[in-house]
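Input: a single structure, listed below in structure tokens.
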Amino acid sequence: MTDAFHIDVPHTDGALAVIALSGEFDIAAAPAVRARALELIANGHPDLLADLSGVTFCDSSGLGALVGIWRCAKDAGGSLTLAAIPDRLGRLLSVTGMDTFLPAYSSADAALAARQGNRTTA
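So the sequence shown is numbered by my numbering: it starts at 8 and just counts up by one.
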């Protein structure tokens with residue numbers, strides 16, 4: 008039995024959009040995540056924050072979707088930040104070297120606070 012996958016966008020603010028994922032981020036879910044992220048970028052939100060706190064499993068398709076989203080965000084002058092990375096996915100990001108170019112925070116709130124802090128000091 009698999010966890011039903013959900014994509015929510017609980018927050019948008021200017022260039023930023025938070026995309027919250029929950030369930031199994033696998034070959035079945037990856038295309039929908041990528042499509043939703045590209046839609047957000049096209050609608051003026053090139054800075055994406057992926058809240059992964061609800062992700063119960065991520066396979067190579069999910070990882071590939073994150074790389075593709077990061078590239079599209081970067082091409083649009085934006086970024087991809089990860090929050091609340093599950094342990095297994097954290098190890099996968101480390102093994103693949105993705106943790107060196109994808110900023111990560113312990114929670115979406117921490118990432119938003121850091122972003123707000125950067126705005127006030129810039």
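Glycine residues also receive a C-beta, built at the ideal position from the N, C-alpha and C atoms.
> Just the Cα atoms here: how many angstroms apart are Gly51 and Thr63?
Replying inline: 29 angstroms
>> According to DSSP, simplified to helix, strand and coil, what is Ile14?
In response: strand
>> For a test of the three-state rule: what should DSSP assign to Gly61, helix, strand or coil?
In response: Reduced to three states, the DSSP call for Gly61 is strand.
> Helix, strand or coil for Leu87 per DSSP?
Replying inline: strand
> Considering only C-alpha positions, which residue in the set Gly124, Ala35, Ala11 and Ala49 is nearest to Gly85?
Replying inline: Ala49
> When we look at the beta-carbon of Phe108 and count the other beta-carbons within 10 Å, is it buried (16 or more) or exposed?
Replying inline: exposed
>> Tell me the rounded alpha-carbon separation between Thr19 and Arg78.
In response: Straight-line measurement puts the Cα of Arg78 at about 20 angstroms from the Cα of Thr19.
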